[in-house]
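A short write-up of the structure that comes next.
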Amino acid sequence: MRLQTPTLLIATAIIGYASFCAYLYFNQEKLIFRTDLAPKEVNLHPKIKQTFIDGIEVGIIDNKSAVTIFYFGGNANNALEFLNNFIDTPYNFVAMNYPGYGNSKGSPSQDAIFEAATKVYEKFRSKTNILIGRSLGTGVAAFLASRFQVAGIILITPYYSLEHLARLKYPYCPIGFLIKHPFRTYVYIKNTDIPVCIIQAAKDDMTPPATLNKLLPFIKNLKLRQEIPSSTHADILSHPQTIYMLKKCIKSFVDEQEPRA
């Protein structure tokens, strides 16, 4: 018995839909963690030293300071390159490449990244610590801020959650059931009153205003929200104003920690 045309079309649509959902589930690591776009090696200033913590590649600027800034990068970057922007600052800086990125061993996942970030933080933290996260790394920084008392956190192009971003991109898929790496920034940030600075791109096509606006009510102590004119999600760190604002926020957090006369 041959299926009638409407029934056949419905069956084909259901099979196609199920196949696409299965594709998202089994390929989400490749879609989220773009290790293929992140350079394995980058040019680093001689002042930046490289080391490994349990197979995780770490870049360090060691100024013997009581202040340490930790940086967590995006999903398609070698995070160590970020340190080149802060050679002239008096503080310590630490950046790590996530598992599977750069020369780091392992495979990226939410749990693996959180575990590696915790180890790096516990190894290099000092008296005063500040967290910087960019894009994917804003969820990592927020996670650490929920676990450790830090002086401040700077979020560059942040998002509400990767789960929310996926829902925006694939509105007809059951993302809640499919996603294995939700990176729920709002869950972590709502559990802390640590001061927060936000730096956003004026033309962000990756983390649109809707996801930032959804995150804002969960931030209890927003100190600054700055949009960088003409910047995009991809090039925001290449804008001098971004680096200027980062240094300004860092100094503000450090000054708040110093005892008043």
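To convert, note that position 35 of the sequence shown is 38 in my numbering; the numbers rise steadily by one, no gaps. Every residue, glycine too, gets a C-beta built ideally from N, C-alpha and C.
Query, Result
"Three CB pairs or more closer than 8 Å across the segment 61–81 and the segment 90–98", "yes"
"Under the three-state DSSP convention, the category A204 falls into", "strand"
"Exposed unless 16 or more other CB atoms sit within 10 angstroms - verdict on A264", "For A264, the pLDDT reaches just 43, beneath the cut-off of 50, and the residue's location in the model is therefore unreliable, leaving the point undetermined."
"Cβ-based neighbour list, Q53, same chain, cut-off 6 Å, excluding 5 preceding and 5 following", "G62"
"Anticipated Cβ contact below 8 Å, T210 with G142, distance rounded", "That belief does not hold up - the Cβ atoms of T210 and G142 are roughly 11 Å apart, past 8 Å."
"Outcome for Y20 when other beta-carbon atoms lying within 10 angstroms are tallied against a minimum of 16", "exposed"
"CA-to-CA distance, P212 to P174, given in whole angstroms", "17 Å"
"Cβ separation of P177 and C24, assumed to be a contact under 8 Å, to the nearest whole Å", "7 Å"
"Per-residue DSSP class, three states only, for P161", "coil"
"Bridge-paired residues (DSSP) for K52", "I63"
"Endpoints, beta strand (DSSP E) assigned at Q229", "225–235"
"Whole-number beta carbon distance between P111 and E32, since they are thought to touch under 8 Å", "7 Å"
"K50 to K250 span [Cα, whole Å]", "18 Å"
"Continuous beta strand (DSSP E) assignments of at least 3 residues falling wholly in the segment 123–200", "131–137, 155–159"
"K1 versus L34: straight-line alpha-carbon distance, rounded", "The question about residue 1 has no answer here: the residues shown for the chain are numbered 4 through 264."
"Selection from K193, L147, F89, L12 that minimises the alpha carbon distance to T121", "L147"
"Cβ contact (3+ pairs, closer than 8 Å) linking the segment 222–231 and the segment 189–205", "yes"
"First through last residue of the beta strand (DSSP E) which encompasses M99", "95–99"
"Through-space distance from N88 to T15, alpha-carbon basis", "53 Å"
"Beta-carbon spacing of A79, R37 below 8 Å", "yes"
"C-alpha gap between T268 and F29, whole angstroms", "The first residue shown for the chain is 4 and the last is 264, placing residue 268 beyond what the model contains."
"When K172, G179, I253, T245 are compared against T214, the one with the closest alpha-carbon", "K172"
"Beta strand (DSSP E) segment containing I72, residue limits", "70–75"
"S164 versus V190, A154, F180, residue with shortest Cα-Cα distance", "V190"
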